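Asker: Quick note: the sequence shown uses my numbering, first residue 6, plus one each step. Glycine included, C-beta positions come from ideal geometry on N, C-alpha and C. Since the structure is predicted, the reported quantities are computational estimates derived from the model, not experimental observations. What follows is a structure written as structure tokens; I'll ask about it next.
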Amino acid sequence: MTEEAIAAQQRQAAKPAQPGIPDYMNEVYDWAYVDPRWVRRLDCNAVVTTLLFGNARRLMNAYLAKIHPGMKVWQVAHVYGDLVQQVAAKVGPSGHFDLTDVTPIQVAQAKKKLAGTAHARVIEHDAATWSGGADYDLVCSFFLLHEVPDDLKRAIVDRMLTRVAPGGKLLFVDYHRPALLHPVGWLLRVVNHYLEPFANTLWRMEISELASKAKEFSWRKRTVFGGVYQIVEAERIVP
Ligand SMILES: C[S@@+](CC[C@H](N)C(=O)[O-])C[C@H]1O[C@@H](n2cnc3c(N)ncnc32)[C@H](O)[C@@H]1O
């Protein structure tokens, strides 16, 4: 564990941990994703737009553009705001949308948003061990990897790669190392130090380097907002 993660753990030590969810959720992200008072305040588009410096729509559109009606899509974790409804709407009733999340209150939020959408399933599950679905046309991680410890990053990426259909695609939308003099670079360094102890890995490593069978896939990366964000696509190489 990094020094930052240990410090975050110590700050949280006085709080009772919620059982059944990973330690990092209780120790680092309790305020953001576990504590119901904060979850209710944070789950809206305005928060996501602010946190992503106005880039939320552009990043979400990069994901939505990959979805066509009738597709089978797995999104590995819930996202605040209306993204999950938009994904379900694009998939449409001829397709299928699976959304996993490891935190019960996040699952409850997502279930409320997708209530009455018969082609969408919300499942309480760790993305790293999800095996309840397979042969997805599209598997997407939208800003999950920077929030999990490095061993779990690897496990999640590997799991995503095993669940995709032949000819299907994977999409990773997440943080990246900003260009040298980017105006928000220093702010993000402070945020990573105090609030996001697992994020720096994505500044140092390619997402493809987290995959144990990376060579079986072709990888394409583009960055947006001066390198602050990356959109990485992977597709299985057909021999
Ligand atoms: C996708 S990430 C961050 C998304 C973005 N920052 C937002 O605006 O919501 C947050 C979600 O990941 C979930 N999560 C964390 N670890 C997970 C795991 N191992 N498997 C599935 N979901 C996980 C959390 O419960 C939370 O709902």
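#1: Hey, would you say L277 sits closer than 8 Å to Y180, going by beta carbons?
#2: Let's see if you can read the secondary structure: which residues bound the beta strand (DSSP E) around V44?
#3: If we call anything under 8 Å between Cβ atoms a contact, is F203 one with N60?
#4: Count the C-beta pairs between the stretch 37 to 49 and the stretch 81 to 89 that are closer than 8 Å, then say yes if the count reaches three, no if not.
#5: When the Cα atoms are used, what is the spatial distance from V162 to R42?
#6: Can you grab the Cα-Cα spacing for the pair M30 / E214, in whole Å?
#7: Per DSSP, W224 forms a beta bridge with which residues?
#8: If I measure Cβ to Cβ from I242 and keep anything under 7 Å in the same chain, skipping five residues before and after, which residues do I get?
#9: Could you tell me the distance, in whole angstroms, from the CA atom of A18 to the CA atom of G75?
Answerer: Let me lay it out:
#1: Summary: the structure shown does not reach residue 277, with the chain confined to residues 6 through 244, and so no result is reported for it.
#2: Taken as a continuous stretch (DSSP letters only), V44 belongs to no beta strand (DSSP E), being part of the alpha helix (DSSP H) at P41 to L47.
#3: no
#4: yes
#5: 31 Å
#6: 24 Å
#7: A239
#8: E221, F222 and S223
#9: With a pLDDT of only 49 at A18, under the threshold of 50, the placement of this residue in the model should not be trusted, and no figure is reported.
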